[in-house]
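This is how it looks when you write it as structure tokens:
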């Protein structure tokens, strides 16, 4: 997936989606879904998922920055890792649950999308 296509899909996802789990069809057979998870201590974790024909991505907002993440192969659930090597963020999801890690430590955990 070219970066320009990825950024276009990301922009569409961030500006057009407002529900807890909303899906829209992007260009080039891409699905863009925004999910809002409710986490411990009344925190929320908003994730925009971009699923293409070959690759899947997640975009999170952390420390006032959008962090694009790429899906890694796992045996169970989904494991997204920050694309930029300067970031150590990892997003682990399974079913309707998610947790965000940085430097191997939980940042936001026990998140659920209802």
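Numbering (my numbering), first residue to last: 211 to 324.
Note that the Cβ used here is the ideal one computed from N, Cα and C, for glycine as well.
Beta-ladder partner(s) of residue i, from DSSP
| i | result |
| --- | --- |
| residue 273 | In the DSSP output, where bridge partners are listed per residue, residue 273 has none listed. |
| residue 312 | 315 |
| residue 304 | 307 |
| residue 278 | 269 |
| residue 283 | Note: residue 283 sits in no beta bridge, so no partner. |
| residue 246 | 256 |
| residue 289 | 282 and 302 |
Backbone CA spacing between residue i and residue j [nearest angstrom]
| i | j | result |
| --- | --- | --- |
| residue 249 | residue 302 | 13 Å |
| residue 274 | residue 318 | 15 Å |
| residue 306 | residue 288 | 11 Å |
| residue 283 | residue 311 | 17 Å |
| residue 252 | residue 240 | 32 Å |
| residue 314 | residue 272 | 16 Å |
Sub-8 Å separation of residue i and residue j beta-carbons
| i | j | result |
| --- | --- | --- |
| residue 323 | residue 309 | no |
| residue 290 | residue 279 | yes |
| residue 304 | residue 286 | yes |
| residue 255 | residue 266 | no |
| residue 242 | residue 257 | no |
Nearest-angstrom Cβ-Cβ length linking residue i and residue j, presumed shorter than 8 Å
| i | j | result |
| --- | --- | --- |
| residue 299 | residue 270 | 7 Å |
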